[in-house]
Amino acid sequence: MPKLLIVDDELDVREFVANFFRKRKLEVVTAKNGEEAVSTFSKHLPDLTLLDIKMGDMDGIEALRRIKEINPQASVVMLTGQRPEDDDAYKRCKDLGALDYIHKPLELDTLEKAVNKQINAMGVKAK
Numbered sequence: 594m595p596k597l598l599i600v601d602d603e604l605d606v607r608e609f610v611a612n613f614f615r616k617r618k619l620e621v622v623t624a625k626n627g628e629e630a631v632s633t634f635s636k637h638l639p640d641l642t643l644l645d646i647k648m649g650d651m652d653g654i655e656a657l658r659r660i661k662e663i664n665p666q667a668s669v670v671m672l673t674g675q676r677p678e679d680d681d682a683y684k685r686c687k688d689l690g691a692l693d694y695i696h697k698p699l700e701l702d703t704l705e706k707a708v709n710k711q712i713n714a715m716g717v718k719a720k
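Basically the numbering used here = 1-based index in the sequence shown + 593.
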């Protein structure tokens with residue numbers, strides 16, 4: 594069963610997305626900030642991580658950098674409320690190895706397609 598880590602500082606977003614993917618037979622773990630994301634990633638080694646960029650203590654870009662230190666092959670999709678042209682976050686995430694960049698507000702269809710694309714590319718099978 595594919596394992597998904599969802600990282601967002603907004604509880605309602607995090608739980609809504611987590612429940613959406615649990616209903617689709619994915620194992621889901623969550624984290625509320627960058628520090629927790631790195632710790633949870635290290636403990637659970639998910640197949641795919643959905644990582645918000647703008648968070649309080651440690652932003653998603655720093656969390657991505659640390660996750661890639663743990664596993665350079667980690668599959669991470671960034672989530673953001675900003676457009677790539679607003680700052681250099683898009684380029685920084687791509688340079689660090691993020692696979693995709695999804696804009697908020699999240700559209701579940703778009704999110705599901707992105708997750709399925711990455712999981713299918715890895716060859717991880719749902720139960």
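For each residue, glycine too, the CB sits at the ideal point set by N, CA and C.
- Setting aside the 5 residues that flank it on each side, R615 is surrounded in the same chain by V621, each with a C-beta closer than 6 Å to its C-beta; the list follows chain order.
- Within its own chain, the residues whose Cβ lies closer than 7 Å to the Cβ of I663, once the five positions on either side in sequence are excluded, are F634, S635, listed in chain order.
- Within the same chain, Y694 come within 8 Å of K687 by CB-CB distance, once the 5 residues on both sides are set aside.
- Between S668 and D640, the beta carbon gap of about 7 Å places them in contact (Cβ cut-off 8 Å).
- Residue state for D602 is assigned as coil, using DSSP reduced to three classes.
- Burial state of K684 is exposed, judged by a 10 Å Cβ sphere holding fewer than 16 other Cβ atoms.
- Shown here, I654 sits in a helix according to DSSP, grouped into three states.
- Separation of the CB atoms of T673 and I646 is rounded to 4 Å, and the pair is thereby assigned contact status at 8 Å.
- Around the CB of L644, 16 or more other CB atoms lie within 10 Å, so the residue is classed as buried.
- In the DSSP assignment, the residues bridged to H696 are T673.
- Distance from the Cα of V606 is smallest, within the candidate group Q711, V631, L701, for L701.
- By a beta-carbon distance limit of 8 Å, V670 does not contact A656. Their separation comes to about 13 Å.
- In this structure T642 touches I660 by the C-beta definition: roughly 7 Å separates them, less than 8 Å.
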